[in-house]
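Down below is the structure, laid out as structure tokens.
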Amino acid sequence: ENVLGVRLPYRTSSQESLDHALLVIEALGIPHKTIPITGMADALIEQFPAMSPLRQGNIMARCRMVTLYDQSEDFHGLVIGTGNKTEILLGYSTLFGDSAHAINPIGDLYKAQVRQLSRALSVTQPILDKAPSADLWAGQTDEQELGFTYEEADKLLYLLVDQRFSPEECVEAGFAPEFVQTVTRRIRRNHFKRVMPVIAKITTRTVGYDFLYLRDWGT
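If you use our numbering, the sequence shown corresponds to residues 499 to 717, in order.
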């Protein structure tokens with residue numbers, strides 16, 4: 499009773515995604531709601547007929563997060579993040595969309611580790627077998643959009659981040675130079691998604707720089 503599952507379909511969402519979400523809901527035995535976001539998303543999308551799929555996807559993700567935070571207020575709960583370490587490092591998320599949350603239990607686990615954990619927790623097989631997808635438009639898959647597989651990315655990211663290999667050392671370890679360059683470029687380019695917005699320092703006591711609540715007040 500302490501967890502609320504919320505399905506947030508758009509008009510192009512696949513029935514499979516809705517069905518798989520329901521499988522999780524039923525397996526956990528949690529209360530749930532289905533709140534379509536088509537009306538709120540299309541109110542903006544329809545004003546720009548030439549809008550790209552990327553912009554449309556970002557609008558959908560942000561509409562979902564607006565709805566989730568509203569529901570968290572009504573439920574008196576926290577919005578739980580579901581992004582994994584691979585997605586966070588690659589910046590494969592929408593800023594203030596699916597990247598927004600109060601706490602993220604799996605944010606320090608790579609995609610492969612999330613799969614291992616899912617198997618250990620007996621997550622239903624259709625979900626384990628499906629191709630990762632944000633389901634923002636018909637036929638979309640994460641790996642098709644990224645241009646490489648999560649398995650490839652996890653191996654490289656583990657060396658770059660956890661083992662502190664340099665890009666050159668990763669190439670020496672057998673990774674293609676072009677792939678190393680692509681991944682490191684994504685990590686650098688999307689760093690802004692992993693930090694709070696920069697505050698221009700004007701006073702001698704700037705929030706986040708000089709004023710740090712826990713340290714300054716000793717609690």
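C-beta atoms are modelled at their ideal positions from N, C-alpha and C, and glycine is treated no differently.
For residue i, is the classification buried or exposed, using 16 other Cβ atoms within 10 angstroms of its Cβ as the cut-off for buried?
i	result
residue 559	buried
residue 699	exposed
residue 625	exposed
residue 600	exposed
residue 511	buried
residue 709	exposed
Taking 9 Å as the threshold (C-beta atoms), are residue j and residue i in contact?
i	j	result
residue 648	residue 609	yes
residue 586	residue 570	no
residue 734	residue 575	With the chain running from 499 to 717 in the structure shown, residue 734 is simply not present.
residue 533	residue 506	yes
residue 537	residue 691	no
residue 629	residue 639	yes
residue 637	residue 604	no
residue 631	residue 550	no
residue 504	residue 565	yes
residue 621	residue 548	no
If you reduce the DSSP assignment to three classes, tell me which class residue i lands in.
i	result
residue 577	coil
residue 702	coil
residue 601	strand
residue 531	strand
residue 589	coil
residue 501	coil
- Task: With a floor of 4 residues, list each alpha helix (DSSP H) that falls wholly inside the segment 639 to 684, ordered by position along the chain.
- Result: Every alpha helix (DSSP H) of 4 residues or more that sits fully in the segment 639 to 684 is shown, in chain order, as 640 to 644, 648 to 655 and 665 to 670.
- Given 8 Å, three or more beta-carbon pairs between the segment 660 to 676 and the segment 545 to 557: no
- Taking only runs of the alpha helix (DSSP H) that begin and end inside the segment 601 to 632, which ones reach a length of at least 4 residues, in chain order? Within the segment 601 to 632, the runs of alpha helix (DSSP H) at least 4 residues long that lie entirely inside it are, in chain order, 609 to 618 and 623 to 627.
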